Amino acid sequence: MDEQQRTGNTYGLEEIAASKLEAWPNPAPGRDYITHMEVPEFTCLCPRSGFPDFATIIIDYVPDQTVVELKSLKLYINQYRNRQISHESVTNTILDELVELLAPRWMRVVADFTVRGNIKTVIFAEQAKDDYQGARPEFRRYLPMNGI
1372 MDEQQRTGNT YGLEEIAASK LEAWPNPAPG RDYITHMEVP EFTCLCPRSG FPDFATIIID
1432 YVPDQTVVEL KSLKLYINQY RNRQISHESV TNTILDELVE LLAPRWMRVV ADFTVRGNIK
1492 TVIFAEQAKD DYQGARPEFR RYLPMNGI
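The opening position of the sequence shown corresponds to residue 1372 in the numbering used here, with each subsequent residue numbered one higher.
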């Protein structure tokens, strides 16, 4: 039995449950630049079987006035661990909640799920401000080496 089991310490679980995404001021709001983040250990549960699904979540965005605080993002992502949700819904929910928080000039969320049931799933969701014409990485940079 480890220390957490012996003492009933649930600090990590409590921190995840209480977490909220946080925005911080953009240190360079006058410049377009891309923030790239990868979450290689994402997990959620299949809404049909309840079995775990594993993915790498990739978030690219061009900030406007704010950026996401990384610890709050980590805790937010961990909230999905025991949530039953489809691949498509995960991707679009993450995008919607980050766009609502940050109002970025442009954002893309890619969910690259591990093969399950002999099917490889990669979901792309993207949103931009109506007048944004700046940098956007090409989709192909996210695709597996052997292509889709």
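Glycine included, C-beta positions come from ideal geometry on N, C-alpha and C.
On a predicted model such as this, the values are computed, not experimentally measured, just so you know.
Rounded distance between the beta-carbons of residue 1418 and residue 1457, thought under 8 angstroms: Taking the sequence shown and counting its residues from 1, the one referred to as residue 1457 is at position 86. Taking the sequence shown and counting its residues from 1, the one referred to as residue 1418 is at position 47. Right, their Cβ atoms sit about 6 angstroms apart.
Residue 1423 versus residue 1380 - alpha carbon distance: Residue mapping note: residue 1423 aligns to position 52 of the sequence shown, counting from 1. Residue mapping note: residue 1380 aligns to position 9 of the sequence shown, counting from 1. Each residue's Cα considered, the two are about 25 angstroms apart.
Cβ neighbour criterion (16 or more within 10 Å) applied to residue 1479: Looking up residue 1479 in the sequence shown gives position 108. Buried.
Straight-line Cα distance separating residue 1428 from residue 1494: Position 123 of the sequence shown, counted from the start, is the residue given in the question as residue 1494. Position 57 of the sequence shown, counted from the start, is the residue given in the question as residue 1428. In a straight line, the C-alpha of residue 1494 is about 10 angstroms away from that of residue 1428.
Residue 1510 - DSSP class collapsed to helix/strand/coil: Reading the sequence shown from its first residue, position 139 is the one you call residue 1510. Annotated three-state conformation of residue 1510 is helix, per DSSP.
As assigned by DSSP and simplified to three states, the class of residue 1387: For the purposes of this step, residue 1387 is identified with residue 16 of the sequence shown, where counting begins at 1. Reduced to three states, the DSSP call for residue 1387 is helix.
Run of the alpha helix (DSSP H) containing residue 1432, from where it starts to where it stops: On the sequence shown, position 61 is the one that residue 1432 refers to. No alpha helix (DSSP H) holds residue 1432; the beta strand (DSSP E) holding it covers 1423–1433.
Close Cβ partners of residue 1435 (< 6 angstroms) along its chain, the five nearest in sequence each way excluded: On the sequence shown, residue 1435 is found 64 positions in, with the first residue counted as 1. The answer, listed in chain order, is 1474, 1475, 1476.
Beta carbon of residue 1506 nearer than 8 angstroms to that of residue 1466: One-based indexing of the sequence shown puts residue 1506 at position 135. One-based indexing of the sequence shown puts residue 1466 at position 95. Cβ atoms of residue 1506 and residue 1466: not closer than 8 angstroms.
CB contact flag (residue 1392, residue 1443, <8 angstroms): Locating residue 1392 in the sequence shown gives position 21, where the first residue counts as 1. Locating residue 1443 in the sequence shown gives position 72, where the first residue counts as 1. Against a cut-off of 8 angstroms, the Cβ pair of residue 1443 and residue 1392 comes out as a contact.
With 16 other Cβ atoms within 10 Å as the buried cut-off, status of residue 1483: Numbered from its first residue, the sequence shown carries residue 1483 at position 112. Label assigned to residue 1483: buried.
For residue 1405, three-class secondary structure by DSSP: Taking the sequence shown and counting its residues from 1, the one referred to as residue 1405 is at position 34. Three-state result, residue 1405: coil.
Inter-residue spacing [alpha-carbon to alpha-carbon] between residue 1401 and residue 1437: Taking the sequence shown and counting its residues from 1, one reaches residue 1401 at position 30. Taking the sequence shown and counting its residues from 1, one reaches residue 1437 at position 66. The alpha-carbon atoms of residue 1401 and residue 1437 are separated by roughly 12 angstroms.
Own chain partners of residue 1408 with C-beta closer than 6 angstroms, once the 5 adjacent residues on each side are dropped: Residue 1408 sits at position 37 when you count from the first residue of the sequence shown. Cβ within range, chain order: 1430.
Limits of the beta strand (DSSP E) - the one that residue 1393 falls within: Your numbering for residue 1393 matches position 22 in the sequence shown. It is not in any beta strand (DSSP E) - residue 1393 carries neither H nor E in the DSSP assignment.
Beta-carbon spacing of residue 1498, residue 1470 below 8 angstroms: Here the question's residue 1498 lines up with position 127 in the sequence shown. Here the question's residue 1470 lines up with position 99 in the sequence shown. Their beta carbons are under 8 angstroms apart, which means residue 1498 touches residue 1470 by this criterion.
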